[in-house]
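J.:
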Amino acid sequence: MVYASKATFKPFQANASIDQEILDILTTARRENQKNNLVGALYYGHGCFFQCLEGKQADIDELYAKLQKDSRHHDLKILSLQPIEERRFSSWEMKYATIDREVRTFLRTHQMAKFDPYRFTPEMTAELVDMLQQVDETPVDGAAKPVHQEMHRGVSLTVFWLTNVISIIATAAITLWITQA
């Protein structure tokens, strides 16, 4: 499912890396989506949200009912609702990308002056979902990394510490062997 909505809070503040409201939304979305086996991506621009959700239809319907009651946005409109064969955002509970440059190019291509997902055709919706899937996530404080990156980081740290421990043990064994020889 892909939907659009309008934010009820004031837009992004220039001195912040990410609007606190959006960070709160991402934190909640990631936690809840993990519990409900949902994945997806979020883009925010010109006071509008564009969100793609993937998962079982019943889980998406349940979440959408909750989203309709969320006071942080209004005027929810489903832009696309179709079954998928494979999840495109399977590594993300909720991917967030500030792809403003790419979106400006996208808007120019479609002769739109500003980001207004309510005016998107089905093809434009699919194109923006493709764009979100292809770009890297924007790093934000407190934001989760993709599942595979977290696992890779954990393995890397384990290998790092294991290598250090083995090095210390080997040095101690060699020192002991030399002093006893």
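Residue numbers for the sequence shown follow the working numbering, beginning at 56 and rising by one. Think of the CB as a built atom: it goes at the ideal place given N, C-alpha and C, for glycine as much as any other residue. Remember, predicted model here, so these are calculated numbers, not experimental data.
What's the C-alpha gap between residue 187 and residue 116?
T.: Spanning the two alpha carbons is a distance of roughly 22 angstroms.
J.: What number of angstroms, rounded off, separates the C-alpha of residue 59 from the C-alpha of residue 140?
T.: Approximately 23 angstroms, taken between the alpha carbons.
J.: Give me the Cα-Cα distance between residue 114 and residue 224, rounded to the nearest whole angstrom.
T.: Roughly 51 angstroms between the two C-alpha positions.
J.: Hey, could you find the ends of the alpha helix (DSSP H) residue 183 is sitting in?
T.: Taken as a continuous stretch (DSSP letters only), the alpha helix (DSSP H) holding residue 183 covers 177 to 189.
J.: Which residues in the same chain as residue 105 place their Cβ atom closer than 6 angstroms to its Cβ, once the five residues preceding and following it in sequence are excluded?
T.: Excluding residues within five positions, the ones whose Cβ falls inside 6 angstroms are 59, 98 and 172.
J.: Alpha carbon to alpha carbon, how far is residue 95 from residue 133? Give it in angstroms, no decimals.
T.: The straight-line gap from Cα to Cα measures roughly 15 angstroms.
J.: Would you tell me roughly how many angstroms separate the C-alpha atoms of residue 135 and residue 222, rounded to the nearest one?
T.: Cα-Cα distance, rounded: 56 angstroms.
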